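*Asks:*
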Amino acid sequence: MKTKVLVVEDEQDTADLLKSILEREGFSVLHAGDGRQASTLIDTIRPPSLVLLDMVIPYVSGFELLGVIRRHPDWQGIPVIMLSADYYEPDIQRALREGATAYVVKQPGLHDLIQAIAQVLPPAVPTAPTPDQAVIKPPSTAARNGRASIRHQRRSGQGKGKAA
Amino acid sequence: MKQAQPPQAADDTSTELVSIDASFEPLIPKFLSNRKKEVIAMQDALTAQDFETVQRISHGMKGAGGSYGFDRISEMAAAIEQAAKAGNSSMIEHDLPVLDAYLGRIKVVYD
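The listed protein sequences correspond, in order, to chains P and W. Sequential numbering from 242 applies to the first sequence in the numbering used here. Sequential numbering from 586 applies to the second sequence in the numbering used here.
Now the structure itself:
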């Protein structure tokens with residue numbers, strides 16, 4: 242069975258790109274186009290193995306949805322990678338503090354996202370990141386700007402959820 | 586990522602070559618068509634002084650442009666987003682035709 246990823250992204254072309262890239266990498270993709278749809282899915286389906294969560298989405302913000310996931314008994318251990326068009330340090334710090342597994346800035350080809358997924362979804366342990374993933378990886382574009390576009394959280398309490 | 590120099594004015598007629606990952610080719614026509622529709626939507630929103638809509642659309646365009654590798658679209662959308670945040674209609678009025686003209690000049694090269 243393919244590893245399931247929930248993509249929460251309101252911009253349709255970006256969602257299509259994410260779906261294309263993830264399916265090419267062998268993942269099965271569920272898509273929610275706004276915070277309400279995502280909330281409904283969280284209440285009604287078995288948790289996926291990973292959530293990709295855009296920061297800015299209609300109705301329920303990415304931060305609010307992250308809180309919903311982290312408080313949900315079945316979803317709280319699921320890795321959540323926050324996606325953003327912006328490199329804004331306060332948002333990065335808040336996302337990691339409030340339970341995001343990683344924070345990825347949207348960059349050409351989303352290559353950094355694939356790297357981040359590989360780091361939070363090791364094949365043998367599909368539901369939990371390792372506890373010492375405090376990684377800052379400066380990819381090419383970000384490096385030109387002196388920035389890292391992937392930020393990971395150092396976590397030790399994940400892996401309790403049941404993933405599809 | 587290789588891109589031509591950014592346009593300076595809406596009446597610039599030079600072709601803008603943009604190199605894009607070949608695996609994205611099936612998605613590109615719709616991507617560019619949607620950006621042109623969004624320019625029209627932002628123009629309509631600006632007419633209504635609806636800066637919130639301009640900000641929302643330009644924010645989405647910024648992220649989409651960055652994800653696909655259209656860096657210049659992302660940069661121009663970011664400038665419009667900032668102008669919308671500031672309620673700066675004259676800057677948006679200037680930038681939208683420049684963005685529209687740029688979209689019309691793009692020639693995608695797949696690599």
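Virtual Cβ for every residue (Gly too), placed ideally from N, Cα, C. These numbers come from a predicted model, not from an experiment.
On the DSSP bridge assignment, give the partners of P:Ser325 in chain order.
*Replies:* The residue given as residue 325 of chain P occupies position 84 in the first sequence. P:Val346.
*Asks:* Which residue wins for smallest C-alpha separation from P:Gln394, given the options P:Met323, P:Val270, P:Asp257 and P:Tyr328?
*Replies:* Along the first sequence, one-based indexing puts residue 394 of chain P at 153. Ranking the options by Cα distance to P:Gln394, first place goes to P:Met323.
*Asks:* Output the boundary residues of the alpha helix (DSSP H) element that contains W:Glu610.
*Replies:* Your numbering for residue 610 of chain W matches position 25 in the second sequence. Careful: W:Glu610 lies outside any alpha helix (DSSP H) and carries neither H nor E.
*Asks:* Can you list, in chain order, the residues of its chain whose CB lies under 6 angstroms from that of P:Asp251, leaving out five sequence neighbours each side?
*Replies:* The residue you call residue 251 of chain P lines up with position 10 of the first sequence. These residues qualify, in order along the chain: Gly274, Asp275, Ile298 and Pro299.
*Asks:* Classify W:Lys692 as helix, strand or coil using the three-state DSSP reduction.
*Replies:* On the second sequence, position 107 is the one that residue 692 of chain W refers to. In the structure shown, W:Lys692 sits in a strand (DSSP, three-state: E or B).
*Asks:* Tell me the residue span of the beta strand (DSSP E) that contains W:Glu601.
*Replies:* As a position in the second sequence, residue 601 of chain W is number 16, starting the count at 1. That run of the beta strand (DSSP E) goes Glu601 to Ile605.
*Asks:* Count the CB pairs spanning the segment 597 to 616 of chain W and the segment 651 to 667 of chain W that are closer than 8 angstroms, and state whether there are at least three.
*Replies:* yes
*Asks:* Inspect the beta-carbon positions of W:Ile668 and W:Ile677 and report whether they are closer than 8 angstroms.
*Replies:* The sequence position of residue 668 of chain W within the second sequence is 83, counting from 1. The sequence position of residue 677 of chain W within the second sequence is 92, counting from 1. First, the residue type needs correcting, since residue 668 of chain W is Ala and not Ile in the sequence shown. A contact, by the Cβ cut-off of 8 angstroms.
*Asks:* For P:Ser290, which beta-bridge partners are listed by DSSP?
*Replies:* Position 49 of the first sequence, counted from the first residue, corresponds to residue 290 of chain P. Answer is none; P:Ser290 lacks a bridge partner.
*Asks:* Could you tell me the alpha carbon to alpha carbon distance between W:Val603 and P:Val249, rounded to whole angstroms?
*Replies:* Indexing the second sequence from 1 puts residue 603 of chain W at position 18. Indexing the first sequence from 1 puts residue 249 of chain P at position 8. W:Val603 and P:Val249: Cα-Cα distance of roughly 28 angstroms.
*Asks:* Which whole-angstrom value describes the C-beta separation of P:Leu293 and P:Leu307, a residue pair presumed to lie in contact below a C-beta threshold of 8 angstroms?
*Replies:* By 1-based counting over the first sequence, the position of residue 293 of chain P is 52. By 1-based counting over the first sequence, the position of residue 307 of chain P is 66. In fact, because the Cβ distance is near 12 angstroms, the residues do not count as touching under 8 angstroms.
*Asks:* Check this for me: beta carbons of P:Pro314 and P:Thr342, under 8 angstroms apart or not?
*Replies:* Start at 1 with the first residue of the first sequence, and residue 314 of chain P comes out as number 73. Start at 1 with the first residue of the first sequence, and residue 342 of chain P comes out as number 101. No.
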